[in-house]
Amino acid sequence: MVERTGYLKELLVWKDEKLIKVVTGLRRCGKSTLLMQYQRMLLASDVSPEQIITINFDDPQFERYRGYHSLHQYVLDRLVPDRMNYIILDEVQLVPDFQRAVDSLYLRENVDLYLAGSNACLLSGELATLLSGRYVEIHMLPLSFKEYCTLRGPKEKESLFADYLSYGALPYLAAMDDLRDQADPYLEGSYNTVLVKGVEVRQQRKDPDPNRRQVSDLNLLGSIARILARSIGRSVSIKSIADSISSSGRRISPNTVRDYLDALIEPYLFYPVKRYDVLAKQLLKTNQKLYIADLGLRRYLIPRHDNCDLGASIENMVYLELRRRYPDVTIGSISRTEVDFVARKGDLLHYYQVAESLIDPSAFEREFAPLRAMQDNYPKTILTVDLYTAGNYDGIEVVPVLDWLLQ
-5 MVERTGYLKE LLVWKDEKLI KVVTGLRRCG KSTLLMQYQR MLLASDVSPE
45 QIITINFDDP QFERYRGYHS LHQYVLDRLV PDRMNYIILD EVQLVPDFQR
95 AVDSLYLREN VDLYLAGSNA CLLSGELATL LSGRYVEIHM LPLSFKEYCT
145 LRGPKEKESL FADYLSYGAL PYLAAMDDLR DQADPYLEGS YNTVLVKGVE
195 VRQQRKDPDP NRRQVSDLNL LGSIARILAR SIGRSVSIKS IADSISSSGR
245 RISPNTVRDY LDALIEPYLF YPVKRYDVLA KQLLKTNQKL YIADLGLRRY
295 LIPRHDNCDL GASIENMVYL ELRRRYPDVT IGSISRTEVD FVARKGDLLH
345 YYQVAESLID PSAFEREFAP LRAMQDNYPK TILTVDLYTA GNYDGIEVVP
395 VLDWLLQ
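The sequence shown: position 328 = 322 (this note's numbering), numbered continuously.
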């Protein structure tokens, strides 16, 4: 088990503050393990076991509390008077109307409340309205490459990098001894769990939008997921997805595509990334890209011969790492050119371009051109697999991606 140090530090920063801590992320990315590690830290700091009330709603023993009345009463019966109580509710989105219990518990004295969930609906609708300004979100991703290397042990970093690209970074899988034989069955189970549980949450949700359709066709949902997995690094639209489905002989409306696309984004299987107009300093509404939460799941979704696009995999990996390091990541757009990523922290920007290799002169010029078009003094970096072009070129840094990941 690798300690998720960064996320634990975030939890500790907000400990005992009158804010609900909400841990979100893809199923099997390590949220439950993180909360277990956090509980151990609490116990090591003189918090007694009686002060920690934890429920994982994926555990069948807690199915009887999947109603907000019973959940509320269960917690009330276990509160320790005159001492801080740490309440941890894992996969709480499985409880219909859970926000009612959460709101009531939040209002009580000596309650430090932690929620974890694998669906974006956790922070939408009524809960977002009830708790506006009263929660902080800690979004969790699968293992970083640095964490992956710690877990996999003393091996050549180039070999670990190849495994990381191919099999992904879900923590349980990364701890397996034989990835070649064990990875694919685990990835299949993980993918199916994400889809089925995501649809389950969507169907039980009380949606105020009467035009939103229920997602019932898992085959169609899988087809759209495969289209997106093949399209990593390329612009996608509702129309392009509908056209691709229609070309296989099945007619589908744009509204249906939109609902099914939401059903893949809500459980954090895919992340939509908007474009940022660098000159106008505003977000654009068209031609977003989507990146998958884990490259191992991409391996499962598309045939091996389609999964040989090393550049797309590296771009996806860089996006996820930037999400770990920066609160805001977009695609940069300027005139007719594009920068892969604009990473923002406060008022500071950092431009990133991703290239498989810069050895070919035409590739070198193609990757440098967008960064040269940025007429400001913010840092500009090209991340590449090749080791032969590293250096500084008129203020543009070329850095081997392997070294950057380990920084």
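Quick reminder that beta carbons are idealized off the backbone N, C-alpha and C, glycines included.
Distance between residue j and residue i (C-alpha atoms, nearest Å)
i	j	result
LEU214	LEU36	45 Å
ARG245	ALA169	43 Å
LEU117	ARG128	12 Å
ASP10	ILE82	13 Å
LEU291	ARG77	44 Å
MET45	TYR158	Looking at the sequence provided, one finds Gln at residue 45 rather than Met. For GLN45 and TYR158, the distance between alpha carbons rounds to 39 Å.
CYS23	GLN93	24 Å
ASP322	ARG330	23 Å
GLY340	TYR320	9 Å
VAL404	VAL209	The first residue shown for the chain is -5 and the last is 401, placing residue 404 beyond what the model contains.
ASN104	GLN67	17 Å
LYS15	ASP71	22 Å
ASN186	ARG21	11 Å
ALA363	ASN371	16 Å
GLY183	VAL74	40 Å
ASP175	TYR59	38 Å
ASP52	VAL251	29 Å
LEU6	GLY243	53 Å
ASP334	ARG228	10 Å
Beta carbon of residue i nearer than 8 Å to that of residue j
i	j	result
VAL17	ALA163	no
PRO261	ASN113	yes
ALA223	LEU154	no
LEU421	LEU212	Because the chain is modelled from -5 through 401, residue 421 falls outside the range shown and cannot be assessed.
LYS283	ILE325	yes
TYR382	LEU365	no
PRO165	LEU137	yes
VAL379	TYR313	no
ILE235	ILE226	no
TYR270	SER231	no
TYR254	ALA287	no
TRP8	VAL130	yes
GLN31	LEU2	yes
VAL348	LEU304	no
LEU400	LYS149	no
For residue i, the three-state DSSP class (helix, strand or coil)
i	result
GLN208	coil
GLU4	helix
SER229	strand
TYR372	coil
TYR313	helix
VAL105	strand
GLN347	strand
GLY385	strand
ASP97	helix
PHE92	helix
ARG128	coil
PRO179	helix
VAL195	helix
MET(-5)	coil
ARG269	strand
ALA337	strand
MET35	helix
GLY111	strand
GLN282	strand
LEU352	coil
LEU29	helix
LEU65	helix
LEU342	strand
LEU135	coil
LEU215	helix
LEU73	coil
Residue i: first and last residue of the uninterrupted beta strand (DSSP E) it sits in
i	result
THR324	322 to 328
VAL17	14 to 19
VAL392	390 to 394
ASP84	79 to 84
ILE46	46 to 50
Start and end residues, alpha helix (DSSP H) containing residue i
i	result
PRO355	355 to 366
GLU11	It is not in any alpha helix (DSSP H) - GLU11 carries neither H nor E in the DSSP assignment.
GLU152	151 to 161
PHE139	139 to 146
LEU295	289 to 295
ARG252	248 to 259
PRO165	165 to 168
Residue-chain proximity (residue i, chain C), Cβ-Cβ < 8 Å
i	result
SER231	Here there is only one protein chain, and chain C is not present.
Counting Cβ pairs, one atom from each stretch, are 3 or more of them under 8 Å apart for the segment 354 to 374 and the segment 249 to 265?
No, they do not touch.
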